[in-house]
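**Student:** Chains A, B and C are the protein sequences, given in the same order.
Just so we're on the same page, my numbering is the position in the first sequence counted from 1, plus 1.
Just so we're on the same page, my numbering is the position in the second sequence counted from 1, plus 1.
Just so we're on the same page, my numbering is the position in the third sequence counted from 1, plus 1.
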Amino acid sequence: MGYSISQLARVLGLPYQGDGERDVTRVSSWQDADCLSVVFKDADSREPLPPCALRAACIIAPQSLVPSGCTAIFSERPKLDFARAARILAPPPAGSGATHSTASISPGAVIEHEVDIGPYVTVGAAKIGRGSVLHAGVVVGDGCVVGEKCLLHPHVVLYPGVQLGDRVVLHAGVIAGSDGFGYVFDGEVQVKFPQVGNVAIEDDVEIGANTTIDRGSLGTTRIGAGTKIDNLVQIAHNVEIGRGVVIAAQTGISGSTIIGDYAVIGGQVGFGDHARVEKGAVIGSKAGVLPGKIVRGGEVYWGIPVRPLQEFKRLNALFGRLPQMKEQIDGLKETVQRLEAELEKLRDPK
Amino acid sequence: MGYSISQLARVLGLPYQGDGERDVTRVSSWQDADCLSVVFKDADSREPLPPCALRAACIIAPQSLVPSGCTAIFSERPKLDFARAARILAPPPAGSGATHSTASISPGAVIEHEVDIGPYVTVGAAKIGRGSVLHAGVVVGDGCVVGEKCLLHPHVVLYPGVQLGDRVVLHAGVIAGSDGFGYVFDGEVQVKFPQVGNVAIEDDVEIGANTTIDRGSLGTTRIGAGTKIDNLVQIAHNVEIGRGVVIAAQTGISGSTIIGDYAVIGGQVGFGDHARVEKGAVIGSKAGVLPGKIVRGGEVYWGIPVRPLQEFKRLNALFGRLPQMKEQIDGLKETVQRLEAELEKLRDPK
Amino acid sequence: MGYSISQLARVLGLPYQGDGERDVTRVSSWQDADCLSVVFKDADSREPLPPCALRAACIIAPQSLVPSGCTAIFSERPKLDFARAARILAPPPAGSGATHSTASISPGAVIEHEVDIGPYVTVGAAKIGRGSVLHAGVVVGDGCVVGEKCLLHPHVVLYPGVQLGDRVVLHAGVIAGSDGFGYVFDGEVQVKFPQVGNVAIEDDVEIGANTTIDRGSLGTTRIGAGTKIDNLVQIAHNVEIGRGVVIAAQTGISGSTIIGDYAVIGGQVGFGDHARVEKGAVIGSKAGVLPGKIVRGGEVYWGIPVRPLQEFKRLNALFGRLPQMKEQIDGLKETVQRLEAELEKLRDPK
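#1: Report the partner residues of Ser-5(C) according to the DSSP bridge assignment.
#2: DSSP has Pro-69(B) in a bridge; who is on the other side?
#3: Does the Cβ of Ala-342(A) have 16 or more other Cβ atoms within 10 Å, making it buried, or fewer, making it exposed?
#4: For Thr-212(C), I'd like the list of residues in its chain whose CB is within less than 7 Å of its CB, leaving aside the five on either flank, ordered along the chain.
#5: Only counting the same chain, and skipping five residues up and downstream in sequence, which positions put a Cβ closer than 6 Å to that of Val-247(A)?
#6: Looking at Val-200(B) and Val-169(B), is the spacing between their C-beta atoms short of 7 Å?
#7: Note the first and the last residue of the continuous alpha helix (DSSP H) segment covering Asp-331(A).
#8: Would you check if the region 89 to 107 of chain A and the region 116 to 132 of chain A touch, i.e. whether three or more CB-CB distances between them fall below 8 Å?
#9: Considering only the alpha carbon of each residue, which of His-172(C), Asp-187(C), Glu-77(C) lies closest to Val-158(C)?
#10: For the candidate residues Gly-281(A), Phe-313(A), Arg-78(A), Cys-151(A), whose alpha-carbon lies nearest to that of Ala-288(A)?
#11: Cutting at 6 Å between CB atoms, please list the residues of its own chain near Thr-72(C), excluding the five before and the five after it.
#12: Applying a beta-carbon distance threshold of less than 7 Å, which residues of chain A neighbour Ala-249(B)?
#13: With a cut-off of 7 Å, does the C-beta of Val-140(B) fall near any C-beta of chain C?
#14: With 16 other CB atoms within 10 Å as the buried threshold, where does Val-163(A) fall?
#15: Go through its chain and collect everything with a Cβ distance to Ile-224(B)'s Cβ below 6 Å, but skip five positions before and after it.
#16: What first and last residue would you give for the beta strand (DSSP E) that runs through Phe-41(A)?
#17: Should Ser-29(C) and Val-40(C) be called a contact, given that it needs their Cβ atoms to be closer than 7 Å?
#18: What do you reckon, are the CB atoms on Gly-267(B) and Gly-285(B) nearer than 7 Å?
#19: Which residues in chain A have a C-beta closer than 7 Å to the C-beta of Leu-347(B)? List them in chain order.
#20: Our contact map puts Ser-38(B) next to Val-25(B) with C-beta atoms below 8 Å; I'd like the distance itself, whole angstroms only.
#21: Taking Cβ-Cβ distances shorter than 7 Å, what residues in chain B pair up with Gln-191(A)?
#22: Ile-330(B) versus chain A: which residues are under 8 Å apart at the beta carbon?
#23: Does the Cβ of Asp-117(B) have 16 or more other Cβ atoms within 10 Å, making it buried, or fewer, making it exposed?
#24: Can you find at least 3 beta carbon pairs, one from the region 177 to 197 of chain A and one from the region 214 to 221 of chain A, that sit closer than 8 Å?
#25: Keeping to the same chain, check which residues put their C-beta closer than 7 Å to that of Asp-43(A); ignore five residues upstream and five downstream.
#26: Which word fits Arg-75(C), buried or exposed, when buried means at least 16 other C-beta atoms lie within 10 angstroms of its C-beta?
#27: Going along chain C in order, which residues have a C-beta closer than 9 Å to the C-beta of Tyr-121(B)?
#28: For a test of the three-state rule: what should DSSP assign to Asn-199(B), helix, strand or coil?
#29: Can you round the beta-carbon distance between Pro-155(C) and Val-147(B) to whole angstroms, since I take them to be within the 8 Å contact cut?
#30: Please classify Lys-150(B): is it buried, with 16 or more other beta-carbons within 10 angstroms of its beta-carbon, or exposed?
#31: Does DSSP classify Arg-315(C) as helix, strand or coil?
#32: I need the straight-line Cα distance from Gly-181(A) to Phe-272(A), nearest angstrom please.
#33: Check whether chain B comes within 7 Å of Val-147(A), counting only Cβ atoms and requiring the distance to be less than that.
#34: Run through DSSP, which three-state label would Cys-186(C) get?
#35: Could you give the DSSP three-state label for Phe-83(C): helix, strand or coil?
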């Protein structure tokens, strides 16, 4: 499968210069490029453009950065258009209707057309939408709904009742619908609070390897459309994540916390329960959000507990200057003692 | 399966008012309640009780919060009794004796009655106790002992020799018995220290999805009865966790650390090796406990490294006031310089 | 399988005393030792040596710590030589050529001699080197290369194209080759940046349970020979880890970060992207390394963000003394005000 450069430029809706008839089949880094590769030059990269004689068939870059004579597609957002080109040259895989002979599928399952089911897959009385792909060892519990063109990598586990929208990508080892972590101490033992709610993951969500998403205790744990979640993230029961949110690896979100649309969350962040992050807030890696805390939108936060970035930076700088502050205090103490003595002498010259 | 309200009240040992003949089959949130639902009103919740005309069949609440005419079971600990009601209405699943045709069971395995074994389960020369359920893809190594009525969710892996008590629940992706992380550097390479110990998980332990528990290097990694552990937690070799402990998600416990009975550990906490947490200590989320540190019981700790909560709060408040402290120091310096000059003038008026 | 003590001493290249004809079959802790056990006494352990009448067949210890009459192998590095003895008595398992009947192996796969393949293993058009062992549920994608004598524990997933050297050990649930976490926001949605690179794991690497290693976006994520990685670690796309590195549990390394040879990284450490850790640097648990930061070699670092340990200790001590600093400032303010008033009186005695 390939495109000529002129075709690719047309699909991207961008102008090009040079040899439009060249075929391209893949995107590459500069190092790995060959005569079938598309590469890109980031608008704000400071590295000089390597000589056009390099091996790539075509570069995506701002026109101002492209020497004449070089075959290129012009873009003011080259990284974005390179990502779009990658999707055009290699669209996400879709099923073709193949079910591996070893798969175990409940008679109650409803499998639509063009679904691929790999070896050792278990599907309960669930519905699998058209064009979805279930890789080796995937487990889909009773009552689950998997939308169209979903991609479930090996060993994904959906507990009963989990709902996926369309084009959801779950990487290997993702677990959705496990019991939330709720107990009531009766004075002797921890009595399990019911974990009988659900998980709903909307369209175009992508979730990284070994991430865990608990079902709601009584309601629903929800992940909004277009949200992207990295590896080893923990989403607790009844969390509600909005649309277009980005959450980096190893972040943990406690029960009933709400993350607003388009928030951007770094890695290893921790959220207490019942916190609320407003739309568009940005939270730096390793930050800690206290239970019940409201994080205002449109700002950047940092630290444990979180503070606005400017405040955090000031405090952190002062933290680094504690030795000097201590010295200044000690110096002041000495001077003040001396002044006191001198004043005493002045007042009472004997 | 259902109970009438009068039956449920009797099993709970609680008084009720209203229509005792109504059937209830499940617990619900207020939002999802229907005419077969039990709901609850927390004693300290500030939300007003919704009108009793609401759809639930029965509310569990303190008598003082229940309007007359409303069918209710009276409880001074409604959240606890709601949890108890949930267990009565939906007891934990137990096996019925079904083994899936695809399971791979060693001739040396001893499988007791009423054990359910799902698709693609591998059982080595191990013992599986009566009424236990092994879901799809579970792996039980040679020499393992699984007690009675255990519930192993999909893809749980027990390395050889792991011991589970009765009623242990392991959520999907839990791995117990993996090698501990121990090496001795010989000046050129890291030589693996032997990891030939064991893992013992006692009765009524529940462990969350994708949590990992390493075997002892030479001794045993032990998790005491009734302890509850959340998702993505790391328990290193030779850790000893007491009874009734609660550990939230993404916490990591280094080798040979001891956690006393009924300790409560937040999420993303880190413990250095050979630390010791005394009975009943409470450690806040994201805290860090240094290697070898002893954390006293009956108190709440916070911070990296951990400090008693009151101390932590005071320090954190002062941290936030560093800019003011700096200003005060600068102001003092100015004033003192002025005083010095004035004193000089007084002493030597020329 | 066993060795006489004299044989074991000869293979270790160490002197011994006592009954060289005794057989030993395993290493043990003191508590678990029996008449076939080798135990060790650490050179710097302060515990007294238990009476030699104890059950062990042989102790590995410095000669100065061994009473005469006790059967012992003398070592100045007893922990290291005990680890070496463990490997001699129980060499890593190697395959014998057994393939389980339930395994699913692509016709395009190349399986060398003495490879063991367990139940429900899926092997694509990949190459598996001589003597390797693939436990239950392992998934090896198309184009993968697994070297010789590798050990893949249950449910390891290698996405297509992942390369393993020889003697690589991957614990249960390890996922290598999952997509990196890269998106470009087009103003409305997060467009996936291509994740078409690779993963290369070199000889003698060991990786802990449920750790995730993303493929390079365009290049390669690389883990150098002899590196040891603990459980639940996240290695992002295009990370490069050197040789002989040690990384403890739950650490996360963001995209394109470089970790130099022989670095030692604690648990729950977080690295921003494009950071660089120089050869031999030591980074304490829970530390945070900012994006782009260079961490110099040959030193110990601590804190968020990381600082040299000595500086961190000083700052942390001063942080704990903030209340005293505040008191001193308040005291100084009072004194200075009094001095001001007294000075005023002196200057203007009316």
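All residues carry an ideal CB built from backbone N, CA and C; glycine is no exception.
Here the structure is a predicted model, which means the values were calculated and not measured.
**Tutor:** Checking against the coordinates, here is how it stands:
#1: Asp-24(C)
#2: The sequence given here has Ser at residue 69(B), not Pro. Within the DSSP secondary-structure output, Ser-69(B) pairs in no beta bridge.
#3: Counting Cβ neighbours within 10 Å, Ala-342(A) comes out exposed, since fewer than 16 surround it.
#4: Val-175, Ile-230, Asn-232, Leu-233, Val-234
#5: Lys-229, Val-265
#6: 7 Å or more divides the Cβ of Val-169(B) from the Cβ of Val-200(B).
#7: 323 to 348
#8: yes
#9: His-172(C)
#10: Phe-313(A)
#11: Counting only residues of its own chain and dropping the five nearest sequence neighbours on each side, Thr-72(C) has a CB closer than 6 Å to the CB of Gly-19, Asp-20, Cys-59.
#12: Within chain A, Phe-182 have C-beta atoms less than 7 Å from the C-beta of Ala-249(B), given in sequence order.
#13: yes
#14: buried
#15: Ile-202, Val-206, Ile-242
#16: 38 to 41
#17: Contact annotation: Ser-29(C) and Val-40(C) have beta-carbon atoms nearer than 7 Å.
#18: yes
#19: Leu-347
#20: About 7 Å; that satisfies the 8 Å criterion.
#21: Gly-227, Lys-229, Gly-245, Val-247
#22: Met-326, Gln-329, Ile-330, Leu-333
#23: buried
#24: Yes: the two stretches touch, three or more of their Cβ pairs being nearer than 8 Å.
#25: The residues are Pro-79, Lys-80.
#26: According to the sequence as given, residue 75(C) is Phe; it is not Arg. When all chains shown are included, Phe-75(C) counts as buried.
#27: Thr-103, Pro-120, Tyr-121, Ala-137, Gly-138
#28: strand
#29: In fact, because the Cβ distance is near 16 Å, the residues do not count as touching under 8 Å.
#30: Classification for Lys-150(B): buried.
#31: helix
#32: 15 Å
#33: no
#34: Here residue 186(C) is Phe; the residue named in the question, Cys, does not match the sequence. Phe-186(C): strand per DSSP, three-state reduction.
#35: helix
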